[in-house]
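In our numbering, the protein residues as written are 1129 to 1207.
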């Protein structure tokens, strides 16, 4: 999910976000496919975190990263 900051002067209700009330300077997550619909309104929204591209790898869970680092730290046995 992408993230945007609401920079308007007064709170607004955003139906697309479950009719949630968004306050000035609040950062919210929006669907990647709808990111452009927010940032095309530069007087109301600013980009905080852009959507991931298809080329970027998906984040691995922390546990998987730990397993990789532990395995890499073990010395290899010689045959």
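We put the beta carbon where it would ideally sit given N, CA and C, even for glycine.
Quick caveat: nothing in here was measured; it's all calculated off a predicted structure.
Check                                                                                                                                                                                               : Outcome
Is it right to say residue 1137 is buried, meaning 16 or more other beta carbons lie within 10 angstroms of its own, or is it exposed?                                                              : exposed
Please report the distance separating the alpha-carbon of residue 1129 from that of residue 1163.                                                                                                   : 9 Å
Should residue 1158 go down as buried or exposed, given a rule of 16 or more other Cβ atoms within 10 Å for buried?                                                                                 : buried
Where does the unbroken alpha helix (DSSP H) through residue 1146 begin, and where does it stop?                                                                                                    : Element bounds for residue 1146: n/a, residue is neither H nor E.
Quick check on residue 1154 - is its C-beta less than 8 Å from some C-beta in chain D?                                                                                                              : Here there is only one protein chain, and chain D is not present.
Apply the 10 Å Cβ neighbour rule to residue 1132 and answer buried if 16 or more other Cβ atoms are within range, or exposed otherwise.                                                             : buried
Please go through the same chain and pick out, in chain order, the residues whose beta-carbon is closer than 6 Å to the beta-carbon of residue 1149, but skip the five residues on each side of it. : 1139 and 1141
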